[in-house]
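Numbering (the numbering used here), first residue to last: 1294 to 1569.
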């Protein structure tokens, strides 16, 4: 059984992509899923949120985009969260792809898919070439969005790009899941935007979202997921609900509970990993 691979993407910035990647990984890892985060955003914030940075000169998430035939097998680093590992970003990556193979990320992930239940790819905004490479490696896409007119337009724009890529290359065949972030339905704008999203995309493509909670930014400042920083925060509860929906929506299986000790543990898993 190989891992489900989900891109977390939106062509608009500031929608909660990295926050979602970090907190979903921690939530599902705590349940026994073997989760790998691939941080394709050169800002490296997913790594920061999990307390990890790529070592200078070492293999990283952007290596396959710069060198043909590169694998992520030597780039995996453990984290302090059970069952969660990361391939950290090259924070000096300038966006130029020396390797033009759109399947470079898929090929780099291939040796690791049997050792994981889920791979989450944190995709930077407004990076069309990187997005296509991520989609070619993915089974489905999670689109975090804010509930405002600009957020709605960002989802629409990304959905158009996704469908174009899907038609051309059969990328991410399991489709989209739209996850509202920083929800505060006391405002009419958010209520209206949520209604427009449901009308435009249908309830089948909507999943539970995450309410506004200062604990999320506080946890990030301490380089840890919210469930570890403040496990009873409402955002921790919401990410748990979102994880439930994604497991069902994309058919994510957990085989770790039936594995032998150390099963599938790639080199580099040294911190906080509990294989069950």
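Glycine residues also receive a C-beta, built at the ideal position from the N, C-alpha and C atoms.
Which residues does DSSP list as the beta-bridge partners of residue 1378? According to DSSP, residue 1378 bridges with 1329, 1371.
C-beta atoms of residue 1431 and residue 1299 nearer than 8 Å: Between residue 1431 and residue 1299, the CB-CB gap stays under 8 Å.
How would you label residue 1518, buried or exposed, when you count the other beta carbons within 10 angstroms and need 16 or more for buried? With 16 or more Cβ atoms within 10 Å of its Cβ, residue 1518 is classed as buried.
Coil, strand or helix - residue 1394 by DSSP: In the structure shown, residue 1394 adopts coil according to DSSP, grouped into three states.
Have a look at residue 1348 and residue 1377 and give me their C-alpha separation to the nearest angstrom. If I take the Cα positions, the gap works out to 18 Å.
With a cut-off of 8 Å on the beta carbons, I'd call residue 1459 and residue 1465 a contact; round off their distance for me. That belief holds up - the Cβ atoms of residue 1459 and residue 1465 are roughly 7 Å apart, short of 8 Å.
Thinking C-alpha only, which one of 1309, 1412, 1489, 1393 is nearest residue 1365? Out of 1309, 1412, 1489, 1393, 1412 has the C-alpha closest to the C-alpha of residue 1365.
Residue 1469 lies in the beta strand (DSSP E); which residues open and close that run? Boundaries of the beta strand (DSSP E) harbouring residue 1469: 1469-1474, taken from the DSSP string.
If you compare alpha carbons, which of 1543, 1503, 1454, 1489 is closest to residue 1310? Comparing C-alpha distances from residue 1310 to each of 1543, 1503, 1454, 1489 shows the shortest one belongs to 1503.
Report buried or exposed for residue 1575, applying the criterion of at least 16 other Cβ atoms within 10 angstroms of its Cβ. The structure shown does not extend to residue 1575, since the chain spans only 1294 to 1569, so no value can be given for it.
Among 1319, 1449, 1295, nearest to residue 1532 - alpha-carbon criterion: Residue 1319 is the option with its Cα nearest to residue 1532.
Is residue 1469 closer than 8 Å to residue 1434 when the C-beta atoms are compared? Yes, these two residues count as a Cβ contact at 8 Å.
For residue 1593, the three-state DSSP class (helix, strand or coil): Outside the modelled stretch of the chain, which goes from 1294 to 1569, sits residue 1593, for which no answer is possible.
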